[in-house]
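Per the UniProt record's numbering, the sequence shown starts with residue 1, numbered consecutively.
Even glycine gets a Cβ: it sits at the ideal position worked out from N, Cα and C.
Quantities reported herein were computed from a predicted structural model and do not represent experimental measurements.
This report refers to the structure that appears directly beneath it.
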Amino acid sequence: MDPDIAPDTVSAGPGHRSSLVYRALRRAIIEQALAPGAKLPEDAIGEQFGVSRTLVREALARLASEGLVEHRPNRGAAVAYPSLEEARDVFSVRRAMEMLAVEELCGRLNPDAIARLEAHVASEEEAHRRGGLESIRLAGEFHLLLAELTGNAVLNRYINELASRCSLILAIYGRPHSSECAVSEHRDLISALAAGDAQRCRRLMDDHLGAVMERALISPRPERDIRDVLARYADAEGLLAAAPAPRTTRKRRTAS
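Now the structure itself:
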């Protein structure tokens, strides 16, 4: 799942603070609070998180290596905006990788692994009842947990990157889906994995990802100020900076 450090280690050093900035930004992107194409100005992010631009730059570079951020010449960093062609390619590869994951796990899950999966699905259900964006992230993290449980480090890395990029793709080309339906599908998959029903596992995973891929285009959401978007993510990671001075609007000069 999430390999990063806990919030209480924020004072351990710059590397740890950079990791927390990475984690906060990643969550904001995965939960679609930061929309694809949204600008990521280093000064505004550093101000919100109370860190230097250098640490922000390190976090953005890490996100860029995962395909979640892109650096545009003379325009700075922005949340990645995959093309429709790239979206199809990403989903195609993800389906293949996740089919391999369920084949490796089918009939091989021990009681502790099954308990972890069931606990995660319970968290998904609770997030759905509360509403909000957390359910989007948790739905994706179910697949990351499956990848982790394979014990295959290469497969785990690829699925993590692909699942993250799929979250961006859904923010552009998908419509909001029913978290309740996703939770039900996840429970069915756990049952098939525990029973060792390989054919059913493959069918459930293929149907699940196929349905996600087929969702229709939705209208883009309006862009929000990045400080407002990141405020709760900074707080969650223990990075909340001192309250910045009120932002003022510059008056335009008019020709006399």
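Please name the residue in the options whose C-alpha comes closest to that of residue i.
| i | options | result |
| --- | --- | --- |
| F91 | R165, S191 and R187 | R165 |
| V79 | A87, P73 and L63 | L63 |
| M213 | A77, L84, R75 and P14 | L84 |
| L149 | R116, A127, A122 and L138 | R116 |
| K39 | L60, L20, G50 and A127 | L60 |
| R227 | A28, A24, Q48 and R203 | Q48 |
| E103 | L189, L170 and A236 | L189 |
| R108 | R203, H208 and G196 | G196 |
| H128 | L239, V69, P111 and A182 | A182 |
| V69 | D206, R187, Q199 and S167 | S167 |
| R187 | I30, D112, I29 and E124 | E124 |
| A44 | N110, L204 and L25 | L25 |
In whole angstroms, give me the CA-to-CA distance for residue i and residue j.
| i | j | result |
| --- | --- | --- |
| M97 | L144 | 12 Å |
| I172 | P36 | 7 Å |
| E141 | R75 | 32 Å |
| A122 | R130 | 13 Å |
| A139 | S19 | 23 Å |
| V21 | Y233 | 9 Å |
| C201 | C106 | 7 Å |
| S191 | A119 | 14 Å |
| A194 | I136 | 25 Å |
| L55 | P14 | 7 Å |
| D225 | E126 | 29 Å |
| G174 | A211 | 11 Å |
| I114 | E237 | 29 Å |
| M99 | V51 | 41 Å |
Enumerate in chain order the residues of its own chain whose CB-to-CB distance from residue i is below 7 Å, with the five nearest sequence positions on each side excluded.
| i | result |
| --- | --- |
| L162 | V90, V93, R94 and M97 |
| A33 | L133 and V229 |
| H71 | A64 and A77 |
| A147 | A101, L155, N156, I159 and N160 |
| E66 | E161 and S164 |
| N152 | E104 |
| R27 | R137 and Y233 |
Which of the three DSSP states is assigned to residue i in this structure?
| i | result |
| --- | --- |
| G131 | coil |
| A38 | coil |
| V56 | helix |
| R72 | strand |
| A96 | helix |
| A80 | coil |
| D197 | coil |
| C166 | helix |
| A231 | helix |
| V51 | coil |
| N152 | coil |
| E104 | helix |
| G210 | helix |
| G174 | coil |
| G140 | helix |
| A192 | helix |
| E118 | helix |
| N110 | coil |
| L239 | coil |
Note down, in chain order, each residue of its chain lying with its Cβ closer than 6 Å to the Cβ of residue i, except the 5 sequence neighbours on either side.
| i | result |
| --- | --- |
| R53 | E42 and G46 |
| I169 | P82 and A87 |
| H208 | E185 |
Using a Cβ-Cβ cutoff of less than 8 Å, which residues in the same chain neighbour residue i once the five nearest sequence positions on both sides are dropped?
| i | result |
| --- | --- |
| residue 264 | Residue 264 lies beyond the stretch modelled for the chain, which goes from 1 to 256, so this question has no answer here. |
| D235 | none |
| D206 | R95 and M99 |
CB of residue i to nearest heavy atom of the ligand FAD: below 7 Å?
| i | result |
| --- | --- |
| L60 | This structure simply doesn't include the ligand FAD, nor any ligand for that matter. |
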